[in-house]
Amino acid sequence: MRFTRYCRSILFTPALAVDRFARGQQSGADISLVDLEDSVAAAHKDAARHHAEAFFLAPRVGDSRRAVRINTVTRHEGLRDLLALREYAAKPDVVMVPKVESPRDLEIVEQALGPECAHVDLLALVETPRGLENIGAIVTATPRLKALVFGSADFSFSIGAALTWEPMLYARARLVTAARSANLQVVDSPLFDMSDLEGLRKEAALARGMGFSGKAAIHPHQVEIINKAFSPDERTLQKARKIVAESQARDANICVVDGAMVGTPFIEAAKRTLEDFGPSEG
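FYI, numbering that gives the first Met the number 0 numbers position 197 of the sequence shown as 196, with every residue one higher than the one before it.
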């Protein structure tokens, strides 16, 4: 399995909810994101852009990467978001691009952001049938793309399916396969019932088992559960230590650990796990 601290959890906070900004960054989420899109009514988009800039200007709280979800780039509000980001005195670490349906959407973002935001990472939110059909081209659109994010709510609505696990299985599997083929991370959609923590544990485990890197959150109390689901436990870390130690001792690409043959992919995965989570962390 692959584990990462880059995007185990992405916590969404409405850009108008200024009082929640610090709490979001203190939640333990790998990415703390202010949202300019779905959570902001059309009449308040300008105010949201203003508040989002304050989020990035404020001193950092915690270790979260700071991100923003812009509006769809094929609409005027999305273009206004991009022009505003260029002028921000403090730039986001990450920009999430919603409703990505072709490489052109990401090219527009790169060109509009310009050299002022040259070091900003991009996340592609895939939430339409067209986006899923073009996913092979999307994942190779730009080296700045770090992860795909699944938008299950919009996707289920667009195909007329129930917003439950089974009808969304094909879309999830295709996103994971495409992301991993391009060496990208891939993040599952949030569980929208904030009170169903047991359901969140089950869904996070299913996503982890499919190969997802993490899961989005819409409330801070979801973050701890998500981070735990997408982090190696002590047993996994112990196994990684054994694999690395045995491969180094034999100076080989194949070794035997606990009676099982271990090849190069497992050795490399073990090394990455220890690099990201440390030899003694749980």
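Ideal Cβ positions, reconstructed from N, Cα and C, are used throughout, including at glycine.
These numbers were taken from a predicted model, which means no experiment stands behind them.
For residue i, name the three-state secondary structure that DSSP assigns.
| i | result |
| --- | --- |
| Ser194 | coil |
| Val108 | helix |
| Arg1 | coil |
| Leu78 | helix |
| Leu162 | coil |
| Ser279 | Low confidence applies to Ser279: its pLDDT is 47, below 50, so where it sits in the model is not reliable, and the reading given next is rough at best. Ser279: coil per DSSP, three-state reduction. |
| Ala259 | strand |
| Thr235 | helix |
Taking DSSP's pairing of strands, which residues face residue i in a bridge?
| i | result |
| --- | --- |
| Gln247 | The partner list for Gln247 (beta bridge, DSSP) is empty, contrary to what the question assumes. |
| Val119 | Answer is none; Val119 lacks a bridge partner. |
| Gly213 | Val186 |
| Asp34 | Pro13 and Arg68 |
| Asp96 | Note that residue 96 is Val in the sequence shown here, rather than Asp. Bridge partners of Val96: Ala123. |
Quick one: what's got a C-beta closer than 6 Å to residue i's C-beta in the same chain, skipping five residues either side?
| i | result |
| --- | --- |
| Ser180 | none |
| Val148 | Leu122, Leu124 and Val186 |
| Gly23 | Leu10, Thr12 and Ser31 |
| Pro286 | Not covered by the structure: residue 286. The range shown for the chain is 0 to 281. |
| Gly262 | Ile253 |
| Ala269 | Ala239, Ile242 and Val243 |
At which residues does the alpha helix (DSSP H) containing residue i begin and terminate?
| i | result |
| --- | --- |
| Thr12 | Note, Thr12: premise wrong, no alpha helix (DSSP H); beta strand (DSSP E) at Ser8 to Pro13. |
| Val222 | Val222 to Ala228 |
| Ala46 | Lys44 to Leu56 |
| Ala178 | Leu168 to Ser180 |
| Arg129 | Pro128 to Glu132 |
| Gly23 | Phe20 to Gln25 |
Give me, in chain order, the residues of the same chain whose beta-carbon lies closer than 7 Å to that of residue i; leave out the 5 immediate sequence neighbours on both sides.
| i | result |
| --- | --- |
| Ala83 | Arg48 |
| Ser151 | Leu162, Met167 and Ser188 |
| Arg19 | Thr12 |
| Asn226 | Arg7, Ser8 and Gly27 |
| Thr127 | Lys98, Glu100, Asp153, Phe154 and Ser157 |
| His43 | Leu15 |
| Leu112 | Leu81, Leu84, Arg85 and Val119 |
| Pro102 | Ala136, Ile137 and Ala140 |
| Phe265 | Ile242 |
| Met209 | Arg171, Ala172 and Val175 |
Taking residue i as part of the beta strand (DSSP E), name the residues at either end of that continuous run.
| i | result |
| --- | --- |
| Lys145 | Leu144 to Phe149 |
Can you give me the Cβ contacts of residue i inside the same chain, cut-off strictly under 8 Å, excluding the 5 residues immediately before and after it?
| i | result |
| --- | --- |
| Val256 | Lys238, Lys241, Ile242 and Glu245 |
| Arg173 | Leu131 and Ile134 |
| Gln184 | Thr3, Tyr5, Cys6, Lys145, Ala146, Leu147, Ala178, Ser212 and Gly213 |
| Glu280 | Low local confidence applies: a pLDDT of 40 at Glu280 is under 50, so the model's placement there is unreliable, with the coordinate-based value given in what follows. These residues qualify, in order along the chain: Leu236. |
| Val222 | Ser8, Leu10, Ser26, Gly27, Ala28 and Ala216 |
| Ala66 | Ile9, Ile30, Ser31, Leu32, Val33, Pro91, Asp92, Val93, Val94, Met95 and Leu122 |
| Glu109 | Leu121, Thr141 and Arg143 |
Check whether the stretch 32-41 and the stretch 9-18 are in contact - that is, three or more C-beta pairs closer than 8 Å.
yes
Do the stretch 49-64 and the stretch 213-222 meet, that is, are 3 or more Cβ pairs less than 8 Å apart?
no
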